[in-house]
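S.K.: The structure is given below, and queries will be raised subsequently.
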Amino acid sequence: MPPLQLLRSLSTLPDITPSPTPTPTPTLKIAPSPSESRSGEGFPTVYSTLAPHALTHLIFQHYDIEVPKGCRFWHRGLSDIYLVETLGNDYILRISHHHWRQESEIQFELEFLTFLANRDLPVSAPLRTRQGGYYLTINAPEGKRYASLFAYAPGGVAIGDLNTTQGFLLGETLAQLHQTAQTFIPSTHRLPLTLNYLLDDSLHIIAPFLHHRVEEWRYLIDTCMAIKKQLKNIPTQAPFWTICWGDPHSGNVHFTDDNQMMLFDFDQCGMGWRAFDIAKFLQVSLQSGLGRDVRDAFLRGYTAIAPLSALEETSLQALTQTAYIWSWAIQVQSLKLSDYSRLHTSYFTRRLGRLQQFGSSDWQLF
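For the sequence shown, the positions run 1 to 366 when the numbering used here is used.
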């Protein structure tokens with residue numbers, strides 16, 4: 001069967017439909033003055049790098065923070081991250097990419113973080129602007145981008161990765177987050193983490209790069225069909241279905257010397273299966289080589305707060321494969337704009353090989 005026909009065959013499989021989401025409502029936005037940022041009228045742009053010195057002026061104008069002494073472009077990922085240093089404290093300024101997130105999605109995430117922080121969950125919540133908003137709207141040359149400011153999370157990423165104590169604590173905290181999230185009522189809409197989004201949309205992104213590799217494409221399609229079949233019976237109501245962090249792993253949490261933690265980077269959050277968040281942790285941990293003892297400690301920590309059903313436990317491997325395919329598609333989308341040279345044959349060969357490992361009988365051991 002040709003690749004496109006194989007892709008269309010997915011539409012015949014049952015999909016998991018979440019509960020209805022609230023009707024989106026207007027969101028607050030605060031646009032900087034034209035002197036601070038303006039849309040360009042020159043050559044069309046898909047991505048621009050915003051000047052740190054201009055951002056320093058912008059945030060000092062709109063936030064009650066100490067006098068800034070510097071702003072550095074810290075990291076380019078799915079968003080642009082700037083380190084803002086002041087005379088008293090350090091802050092993280094996150095600027096969304098125009099092609100990646102819509103305003104309603106940004107609003108959902110920042111509302112959710114504020115909700116969790118107000119209930120004593122250790123998450124890095126956005127600071128409010130002087131006008132009470134969660135973010136600033138910047139008219140970049142390519143279109144609107146959204147800037148949110150966070151206090152720098154105390155501590156740091158675990159040196160040499162998590163130990164068993166930290167893994168257990170992170171699992172406990174994720175379970176508490178899932179339980180607390182059950183009562184969150186968003187004011188805006190964000191795509192839920194359904195199989196239609198995680199698998200079908202991901203396949204459409206990957207498909208153009210495998211059109212000449214029919215057997216490998218067939219394997220990818222068959223894998224997704226098997227995943228859908230295995231996951232079709234997981235309930236989509238509480239406690240199984242909640243708001244997920246979306247990207248829980250050791251790189252998105254800071255620990256202090258006495259193992260106090262702070263979670264951050266909820267850019268991929270959304271309604272989904274709680275077991276998917278566990279699987280996302282396993283997917284990243286397996287790729288990074290995190291030890292089996294730490295992965296087991298994480299699961300013990302989670303189930304000490306929220307025991308999983310037998311169906312959820314047996315679904316973890318399929319959900320880990322799902323998380324891997326989703327992260328693969330996200331990376332492809334990013335590389336298409338930032339580093340297309342990496343999307344060569346060997347890249348996809350490595351990715352397919354790793355997916356086969358995730359599907360093996362000893363997937364938790366390697």
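Glycine included, each C-beta is placed from N, C-alpha and C at the ideal position.
Predicted model only: the values in this text are computed from it and were never measured.
Given a cut-off of 8 Å, decide if L193 and K224 are closer than it, judged by their beta-carbon atoms.
M.R.: Contrary to the premise, residue 224 reads as Cys rather than Lys in this sequence. For C224 and L193, no; Cβs fall outside 8 Å.
S.K.: Could you check whether the stretch 265-279 touches the stretch 306-324, counting it as contact only if at least three pairs of C-beta atoms, one from each stretch, sit closer than 8 Å?
M.R.: Touching, yes, given that three or more Cβ pairs across the two stretches are closer than 8 Å.
S.K.: Rounded to a whole number of angstroms, what is the C-alpha to C-alpha distance between P22 and T188?
M.R.: Confidence at P22 is low in this model, with a pLDDT of 41, below 50, so the placement of that residue is unreliable and no value is reported for it.
S.K.: Closest Cβ-Cβ distance between T173 and chain B: below 8 Å?
M.R.: Among the chains in the structure shown there is no chain B, since it carries only a single protein chain.
S.K.: Where does P22 sit, in a helix, a strand or coil, going by DSSP?
M.R.: For P22, the pLDDT reaches just 41, beneath the cut-off of 50, and the residue's location in the model is therefore unreliable, leaving the point undetermined.
S.K.: List in chain order: all unbroken beta strand (DSSP E) runs of 3+ residues lying wholly within the stretch 245-331.
M.R.: Runs found: 253-255, 261-263, 270-273.
S.K.: Could you please give the first and the last residue of the uninterrupted alpha helix (DSSP H) stretch that includes D339?
M.R.: Segment: none, D339 is in no alpha helix (DSSP H) and carries neither H nor E.
S.K.: Just the C-alpha distance for L198 and G88, rounded to the nearest angstrom, thanks.
M.R.: Answer to the nearest angstrom: the Cα atoms are 42 Å apart.
S.K.: State the DSSP-derived secondary structure class of A146, mapped to helix, strand or coil.
M.R.: A small fix is needed here, since residue 146 is Tyr in this sequence, not Ala. Looking at Y146 - three-state DSSP - the assignment turns out to be strand.
S.K.: Report all residues from its chain with a CB closer than 7 Å to the CB of V157; omit the five preceding and five following residues, and keep chain order.
M.R.: Around V157: S250, G251, H254.
S.K.: To which residues of the same chain is T165 closer than 7 Å at the C-beta, ignoring the five residues directly before and after it?
M.R.: Answer for T165: N259, listed in chain order.
S.K.: If you follow the beta strand (DSSP E) that V367 is part of, which residue opens it and which one closes it?
M.R.: The structure shown does not extend to residue 367, since the chain is modelled only from 1 to 366, so the question has no answer here.
S.K.: Taking DSSP's pairing of strands, which residues face T242 in a bridge?
M.R.: G272, per the DSSP bridge assignment.
S.K.: Given this structure, state the Cα-to-Cα distance separating D161 from L170, to the nearest angstrom.
M.R.: Approximately 12 Å, taken between the alpha carbons.
S.K.: Once DSSP output is grouped into helix, strand and coil, what is the label at P141?
M.R.: Coil at P141, not helix or strand.
S.K.: Looking at the strands, I want to know which residues DSSP matches up with I92.
M.R.: Bridge partners of I92: L83, F150.
S.K.: Are the beta-carbon atoms of L50 and I95 separated by less than 8 Å?
M.R.: In contact: L50 and I95 (Cβ atoms closer than 8 Å).
S.K.: Does DSSP put T70 in a helix, a strand or coil?
M.R.: The sequence shown places Gly at residue 70, not Thr. Looking at G70 - three-state DSSP - the assignment turns out to be strand.
S.K.: What is the rounded straight-line gap between the Cα of E85 and the Cα of P126?
M.R.: About 16 Å.
S.K.: Out of curiosity, what's the CA-to-CA distance linking V332 and L343?
M.R.: Between V332 and L343, the C-alpha separation is close to 7 Å.
S.K.: Under 8 Å Cβ to Cβ from R119, same chain only, skipping five residues before and after it: list those, please.
M.R.: T180.
S.K.: Of all the options L263, H75, L308, which has the alpha carbon lying nearest to the alpha carbon of A279?
M.R.: Of the listed residues, the one whose Cα sits closest to A279 is L308.
S.K.: Using only the alpha-carbon positions, how far apart do L110 and H75 sit?
M.R.: Cα to Cα, the separation comes out at about 20 Å.
S.K.: Rounded to whole angstroms, what's the CA-CA distance from T349 to P235? Just pull it up for me.
M.R.: Straight-line Cα distance between these residues: approximately 35 Å.
S.K.: Let me check understanding here. Comparing Cα to Cα, which of F112, T345, W363 lies closest to I185?
M.R.: That would be F112, whose Cα lies nearest to the Cα of I185.
S.K.: Give the DSSP bridge partners of H75, in chain order.
M.R.: Its beta-bridge partners are I81.
S.K.: Express the C-alpha separation of A329 and Q283 in angstroms, rounding to a whole number.
M.R.: Roughly 14 Å between the two C-alpha positions.
S.K.: Judging by CA-CA distance, which residue of L149, F209, C244 is the nearest neighbour of T173?
M.R.: The shortest C-alpha separation from T173 is found at C244.
S.K.: Let's test the definition: count the other Cβ atoms within 10 Å of the Cβ of S361 and tell me whether it reaches 16, buried, or not, exposed.
M.R.: Exposed is the call here.
S.K.: By how many angstroms is the C-alpha of G132 removed from the C-alpha of K232?
M.R.: The alpha-carbon atoms of K232 and G132 are separated by roughly 42 Å.
S.K.: Going by C-alpha distance, which of P122, E103, A151 is nearest N139?
M.R.: Here the closest residue by C-alpha is E103.
S.K.: Taking only the alpha-carbon atoms, compute the straight-line gap between S288 and Y347 and give it to the nearest angstrom.
M.R.: C-alpha separation (whole angstroms): 17 Å.
S.K.: Does DSSP put G133 in a helix, in a strand, or in coil?
M.R.: If DSSP states are grouped into helix, strand and coil, G133 belongs with coil.
S.K.: Cα separation between Y82 and T45?
M.R.: Taking the straight line from one Cα to the other gives about 21 Å.
S.K.: Can you have a look at F168 and say buried or exposed, based on whether 16 or more other CB atoms are within 10 angstroms of its CB?
M.R.: Classification of F168: buried, given that the 10 Å Cβ count is 16 or more.
S.K.: Can you give me the Cβ contacts of L335 inside the same chain, cut-off strictly under 7 Å, excluding the 5 residues immediately before and after it?
M.R.: Counting only Cβ-Cβ distances below 7 Å, and skipping sequence neighbours, we find R342, L343.
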